[in-house]
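Participant:
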């Protein structure tokens, strides 16, 4: 079973994603900040990370940079309410970019696409 | 036979006559009459020597033909009387006719007298001044006693004559002095040069009994002798040409400083003559002041008193006229000095007046910052100006880029009648120049429009080297055209339109460049334009040029400031918009999270609830509403983002076909028939494919919604010719029934929607996208049938 780490500062989003992705058949862990996420990654490496950008403290971009120093090929899907980051170069460090929506079909399809097989 | 007693009586009678107050002629007449009677002779005559002509003239006679008196003249030495005069010895003849010296003068009478006693009249200087003689018809001898007695009488007569001559001379001298005095008084009573000169001319003729006189003065600048006054030949004064110094009699007189007397002008080679008038005798004296000749005074044709004959002038005349001329010189000099003083004073007055006019004008010019008003003021000053008023004036400004003079403003009456009205109004209402020019528009808004229009219509090339307006600009000086029709510097077209024979041009200078030209004319009163006028306008034009330049600078500055201001405003607006946009965007993004949560859980609920659950549709409603909100959010964000199109060559037909393909299934499901007519000759245009696709999506989905009961969608494309090339036109027509007329005008407005599920932003966004490409979008409402959208895309971007 693939392990997904959901990083988002909103509790309801974490809950929703845990439920939805859990039903998809993934093992889902949640972190409410970039710092917590780093610790959890060290403890147990996930197969994929969904990452929110706008977070208090270290934001998603900075987290991504830090992550990439250590885990270059850990798949990251940025899930954010903000559309304009699509133009930011730093997001190229991610594997995909999805705009948060009530309809999670796109997110689910993207996760499936990005996860390495096997 | 004369007794001693009689002799004494006769001598007594002569003495009585001598001491009477009669004039000489009367006395002589009295003497000869008395003698003739007393001595019982047939003839008693007195002849006197006229020194100037050296002739013996019959002065008085009893017995001879009275007509001969004054006229009979014998040269000295001729006849018995001539001999007596020459020898100063008496001659007594028994029969004079037999004497070889006898000389018969027929005018004296028919009778030839035989016996004659002639004795000389000797003056106190022992000179023979004439003779007295007695004649009888019959022959007789004269005794020595008789001769002696007659000599005594002659001696007495000499006294009479001398006395009378002295008296005459004194009287004449007194007359002359009186005349001189009177003239002197008259001369000093006036300092008006012309009056003085005319008085001199008249007086000189009167003093010398001349028929005419001419006064010439030296023009030292030109070295010419110019006629300044005359008497007796009025109409010719203008015609008499100026003499070069040394030319003519007058010229000679002035050059040498000595007078000239001419007895017969016909024989005088230096005489120039006065056209048409034939003069014979002349006297010319120099007018000398402070040692140099300043002119010449000529008198012509002395008229002998009593007879009216033209006689030559006498030395006495010459002396008198010379004396008079020196008086005249003083008077002339004084008058000249006075005139110069007056002129200087006038100049000064004019300068002062000019300065005050200029001051008033400057003040007036400062009252406005309106270019048109300033030009109007400038031109009004030149046309209304007190005494310098021209009839019409206009300003032409230099357009350096175009190399032309362009008419800017004209001020002047449209007709002579209007001119007259304005002038009488000027005369009636007493206002200062300042008041007039600043209130000028009171003179009638409608007046002078024609001239203003004419001025504004003018456009003249500056390229012409020999045309007066170009020359004015190039040479930076004014020109005074007095005969426009024949002056080669005047452009014929311009002249025809202007219509004035005399006009002047003055450059409008400002510091170092020529801004324009002022053209003035006197079309209505035909008053010639003097150099004085032009000088004033030139000085004034400098002020005007500066004022105009200042005003233009001010306007430029104002414009620049205005532009800066506008740019600043725009910047502020943009910033505000940007800030607002940012805020809006931030807000929109923040809303997304809750929406994702709400909708997300609503979906889970819907998934979890059993199908037959009574309130399952509640969840559906929430899901749908959240979807709608998300859609609205997305549209709003997209709409506000204003992304400029990234232009690439685009095959519009391909885009349309792709879109049709994507929607084909949906159309089929809804029973919508598709008609596609794409022109294969559609040119490639520069466009952002993604954005165009967005527009097509919007239009297709609108059409689909409108035709929810089925219909026909017609899509077409054709070339769209424009000035910049050929673009593409796309039409999308549905059969959705159209919309109400009042809806059509709002259809592209943001947030305007008639649909239950619409954001109202779709068409607004489409419009923005198309307009961002430099094209346009429009709608045709086929009422009851459907809508047709027409898109135009230009070949190259905006």
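Protein chains in written order, with this note's numbering: chain A, 1 to 118; chain B, 1001 to 1798.
Cβ coordinates follow ideal geometry from the N, Cα and C atoms, glycine included.
Predicted model, so just to flag it, every value in this text is computed and none were measured.
1. Would you call residue 1793 of chain B buried or exposed, if buried means 16 or more other Cβ atoms sit within 10 Å of its Cβ?
2. Quick one: is the Cβ of residue 116 of chain A within less than 6 Å of any heavy atom of the ligand COA?
3. Would residue 1123 of chain B pass as a contact of residue 1162 of chain B if the rule is Cβ separation under 7 Å?
4. Could you tell me whether the region 1622-1636 of chain B touches the region 1006-1024 of chain B, using the rule of 3 or more Cβ pairs below 8 Å?
5. Give the secondary structure of residue 1140 of chain B by DSSP, where H, G and I count as helix, E and B as strand, and everything else as coil.
6. Please tell me whether residue 18 of chain A and residue 30 of chain A are closer than 7 Å, where the distance is taken between their beta carbons.
7. When you compare only the Cα positions, how much space is there between residue 1116 of chain B and residue 1136 of chain B?
8. Taking the beta carbon of residue 1698 of chain B as the centre, do at least 16 other beta carbons fall within 10 Å, making it buried, or is it exposed?
9. Cβ closer than 7 Å: which chain B residues qualify as neighbours of residue 101 of chain A?
10. Return no unless some Cβ of chain B is closer than 7 Å to the Cβ of residue 81 of chain A.
11. Report the option in B:1365, B:1095, B:1047, B:1351 whose CA atom is closest to the CA atom of residue 1550 of chain B.
12. So with CB distances below 7 Å, who are the chain B contacts of residue 16 of chain A?
13. Give me the Cβ distance between residue 1336 of chain B and residue 1193 of chain B, rounded to the nearest whole Å; I'm assuming they're in contact under 8 Å.
14. Am I right that residue 1636 of chain B and residue 1761 of chain B are in contact with their C-beta atoms under 8 Å? What's the rounded C-beta distance?
15. So the beta strand (DSSP E) residue 1677 of chain B belongs to, where does it begin and stop?
16. From the beta carbon of residue 69 of chain A, is the nearest beta carbon of chain B less than 7 Å away?
17. Could you list the residues in the region 16-30 of chain A with a C-beta less than 9 Å from some C-beta on chain B, going in chain order?
18. Let me make sure I understand the geometry here. Which of B:1619, B:1472, B:1069 has the alpha-carbon closest to that of residue 1307 of chain B?
19. Measuring straight from C-alpha to C-alpha, what distance separates residue 58 of chain A and residue 35 of chain A?
20. Looking at the C-beta of residue 10 of chain A, does it have a partner C-beta in chain B at a distance below 7 Å?
21. Excluding the 5 residues preceding and the 5 following residue 1480 of chain B in the sequence, name in chain order all residues of the same chain whose CB lies nearer than 6 Å to its CB.
22. Between the region 40-65 of chain A and chain B, which residues of the former have CB atoms less than 7 Å from a CB of the latter, in chain order?
23. What's the call for residue 1442 of chain B, buried or exposed, on a 16-neighbour Cβ count within 10 Å?
24. Identify the continuous beta strand (DSSP E) that holds residue 1712 of chain B and give its terminal residues.
25. Does the region 1405-1415 of chain B come into contact with the region 1455-1466 of chain B, if we say contact requires no fewer than three beta-carbon pairs (one atom in each stretch) closer than 8 Å?
26. Drop a sphere of 10 angstroms on the beta-carbon of residue 1387 of chain B, count the other beta-carbons inside from all chains shown, and report buried for 16 or more, exposed for fewer.
27. If you draw a straight line from the alpha carbon of residue 1726 of chain B to that of residue 1649 of chain B, how long is it in whole angstroms?
28. With 7 Å as the threshold, decide whether the Cβ of residue 1768 of chain B is near any Cβ in chain A.
29. Keeping to the same chain, check which residues put their C-beta closer than 8 Å to that of residue 1294 of chain B; ignore five residues upstream and five downstream.
30. Report the neighbours of residue 13 of chain A on chain B: residues whose CB is nearer than 7 Å to its CB, in chain order.
31. May I ask you to report which of helix, strand or coil DSSP gives residue 1799 of chain B?
32. Can you check which of these residues, A:51, A:97, A:64, is closest to residue 9 of chain A by C-alpha distance?
33. Once you ignore the five residues that flank residue 1095 of chain B on each side, which residues in its own chain have a CB closer than 8 Å to its CB?
34. How is residue 1075 of chain B classed by DSSP in three states: helix, strand or coil?
35. Using a Cβ cut-off of 7 Å (strictly closer), state whether residue 1773 of chain B contacts chain E.
36. Do we get a CB-CB distance below 7 Å when we pair residue 1643 of chain B with the residues of chain A?
Facilitator: The structure says:
1. Numbered from its first residue, the second chain carries residue 1793 of chain B at position 793. That one is buried.
2. Of the ligands one can find in the structure shown there are none, so the ligand COA has no counterpart to examine.
3. Translated into the one-based positions of the second chain, residue 1123 of chain B becomes position 123. Translated into the one-based positions of the second chain, residue 1162 of chain B becomes position 162. Contact: yes.
4. Result no; under three Cβ-Cβ pairs closer than 8 Å.
5. Here the question's residue 1140 of chain B lines up with position 140 in the second chain. Three-state DSSP puts residue 1140 of chain B in coil, outside helix and strand.
6. Translated into positions along the first chain, residue 18 of chain A becomes position 18. Translated into positions along the first chain, residue 30 of chain A becomes position 30. One thing to note: residue 18 of chain A has its Cβ within 7 Å of the Cβ of residue 30 of chain A.
7. In the second chain, the residue the question calls residue 1116 of chain B occupies position 116. In the second chain, the residue the question calls residue 1136 of chain B occupies position 136. Cα-Cα distance, rounded: 7 Å.
8. Here residue 1698 of chain B corresponds to residue number 698 of the second chain, with the count starting at 1. Classification for residue 1698 of chain B: buried.
9. As a position in the first chain, residue 101 of chain A is number 101, starting the count at 1. Those are 1596, 1630, listed as they occur along chain B.
10. Within the first chain, the letter at position 81 stands for residue 81 of chain A. Interface residue, yes.
11. For the purposes of this step, residue 1550 of chain B is identified with residue 550 of the second chain, where counting begins at 1. When only C-alpha atoms are compared, the closest one is B:1365.
12. Within the first chain, residue 16 of chain A is the residue found at index 16, counting from 1. Here the neighbours are 1597, 1600, 1601.
13. Residue 1336 of chain B sits at position 336 when you count from the first residue of the second chain. Residue 1193 of chain B sits at position 193 when you count from the first residue of the second chain. In this structure residue 1336 of chain B is in contact with residue 1193 of chain B, their Cβ atoms being roughly 7 Å apart against a cut-off of 8 Å.
14. As a position in the second chain, residue 1636 of chain B is number 636, starting the count at 1. As a position in the second chain, residue 1761 of chain B is number 761, starting the count at 1. That belief holds up - the Cβ atoms of residue 1636 of chain B and residue 1761 of chain B are roughly 6 Å apart, short of 8 Å.
15. Taking the second chain and counting its residues from 1, one reaches residue 1677 of chain B at position 677. Counting along the chain, the beta strand (DSSP E) containing residue 1677 of chain B begins and ends at 1672-1678.
16. On the first chain, position 69 is the one that residue 69 of chain A refers to. At least 7 Å separates the CB of residue 69 of chain A from every CB of chain B.
17. Within the region 16-30 of chain A, the qualifying residues are 16, 17, 19, 20, 23.
18. Taking the first residue of the second chain as 1, we reach residue 1307 of chain B at position 307. Residue B:1069 holds the alpha-carbon nearest to the alpha-carbon of residue 1307 of chain B among B:1619, B:1472, B:1069.
19. As a working mapping, residue 58 of chain A is identified with position 58 in the first chain. As a working mapping, residue 35 of chain A is identified with position 35 in the first chain. Each residue's alpha carbon lies about 7 Å from the other.
20. Translated into positions along the first chain, residue 10 of chain A becomes position 10. With its beta carbon less than 7 Å from one in chain B, residue 10 of chain A belongs to the interface.
21. As a first step, residue 1480 of chain B must be located in the second chain, where it is residue number 480. Beyond the five residues adjoining it in sequence on each side, residue 1480 of chain B comes within less than 6 Å, by CB distance, of 1504, 1529, 1534 in the same chain, given in chain order.
22. Here the close residues number zero.
23. Along the second chain, one-based indexing puts residue 1442 of chain B at 442. Since pLDDT at residue 1442 of chain B reaches only 48, below the 50 mark, its modelled position is unreliable, and the value read off the structure follows with that caveat. Exposed, by the Cβ-count rule.
24. Translated into positions along the second chain, residue 1712 of chain B becomes position 712. Judged by DSSP secondary structure, residue 1712 of chain B falls within the beta strand (DSSP E) whose first and last residues are 1711-1722.
25. With a cut-off of 8 Å, the region 1455-1466 of chain B and the region 1405-1415 of chain B count as touching, because enough Cβ pairs lie within range.
26. Position 387 of the second chain, counting from 1, holds the residue named residue 1387 of chain B. Reliability fails at residue 1387 of chain B, whose pLDDT of 47 lies under 50, so the model's placement of it is uncertain and no value is given.
27. Here residue 1726 of chain B refers to the residue found at position 726 of the second chain. Here residue 1649 of chain B refers to the residue found at position 649 of the second chain. Distance between the alpha carbons of residue 1726 of chain B and residue 1649 of chain B: 14 Å.
28. The residue given as residue 1768 of chain B occupies position 768 in the second chain. Chain A contact via Cβ: absent.
29. What you label residue 1294 of chain B is simply residue 294 of the second chain in a count that begins at 1. Taken in chain order, the residues that qualify are 1217, 1218, 1287, 1288, 1329, 1332, 1333.
30. Reading the first chain from its first residue, position 13 is the one you call residue 13 of chain A. Taking a Cβ-Cβ threshold of 7 Å, the residues of chain B close to residue 13 of chain A are 1593, 1596, 1597, in chain order.
31. Because chain B spans 1001 through 1798 in this model, residue 1799 of chain B falls outside it and cannot be assessed.
32. To locate residue 9 of chain A, count along the first chain from 1; it is residue 9. Between residue 9 of chain A and the set A:51, A:97, A:64, the nearest pair of CA atoms involves A:51.
33. Counting from one through the second chain, the residue named residue 1095 of chain B turns up at place 95. The answer, listed in chain order, is 1114, 1115, 1139.
34. Your numbering for residue 1075 of chain B matches position 75 in the second chain. Three-state result, residue 1075 of chain B: strand.
35. Here chain E cannot be found, since the structure's protein chains are A and B.
36. Taking the second chain and counting its residues from 1, the one referred to as residue 1643 of chain B is at position 643. Nearest CB-CB separation between residue 1643 of chain B and chain A: not below the 7 Å threshold.
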